[in-house]
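Beneath this line is the structure, given in structure tokens, with notes to follow.
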Amino acid sequence: MVRLRMAKYCNLKCILLIFVIYGHWIETDIGSSKLLLIQYKWIYFVHMPLFAFLSGLFLGTERACKNCVKKLLPMYLLVQTVLWAVNRGNMNWFVPWWHL
Numbered sequence: 059m060v061r062l063r064m065a066k067y068c069n070l071k072c073i074l075l076i077f078v079i080y081g082h083w084i085e086t087d088i089g090s091s092k093l094l095l096i097q098y099k100w101i102y103f104v105h106m107p108l109f110a111f112l113s114g115l116f117l118g119t120e121r122a123c124k125n126c127v128k129k130l131l132p133m134y135l136l137v138q139t140v141l142w143a144v145n146r147g148n149m150n151w152f153v154p155w156w157h158l
């Protein structure tokens, strides 16, 4: 059975993507403004759980989720390892923009 997309979820994902772009844009200036820091923390507190929820909503089954992880995890680990080697191990894994 093919599930059709629902416009309200696609619109929510679009809004979340705009928040992510804005969050990355203000990221380097949050040290100079308390308002930007509050916005930054709010954006990252809200958007990641919502993205996880929406992704799970459209995966459908546990098997589809496991297949997706099996497919994406090796590439993620490979890219992270290459970036770690290029940076000679000098990076902070807990800063979202360390790879930039």
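Residue numbers 59 to 158, in my numbering, belong to the letters of the sequence shown in order. Where is the CB? At the ideal position from N, CA and C, for every residue including glycine. For clarity, every value in this text was computed on a predicted model and none was experimentally measured.
Check: Is residue 98 buried or exposed, if buried means 16 or more other CB atoms sit within 10 Å of its CB?
Finding: Residue 98 sits at position 40 when you count from the first residue of the sequence shown. Classification for residue 98: buried.
Item checked: Per-residue DSSP class, three states only, for residue 121 -> Taking the sequence shown and counting its residues from 1, the one referred to as residue 121 is at position 63. Reduced to three states, the DSSP call for residue 121 is helix.
Next item on the list: Put residue 147 into one of helix, strand or coil per three-state DSSP.
Entry: Counting from one through the sequence shown, the residue named residue 147 turns up at place 89. Here residue 147 sits in coil by DSSP.
Notebook entry, point to check: Is the closest heavy atom of the ligand NAP to the C-beta of residue 119 under 7 angstroms?
Noted result: By its list of ligands, the structure shown contains no ligand whatsoever, and the ligand NAP lies outside what it can speak to.
Note to self: Tell me which residue opens and which closes the alpha helix (DSSP H) that residue 79 is part of.
What the structure shows: Here residue 79 refers to the residue found at position 21 when the sequence shown is read from its first residue. Run containing residue 79: 65-84, per the alpha helix (DSSP H) assignment.
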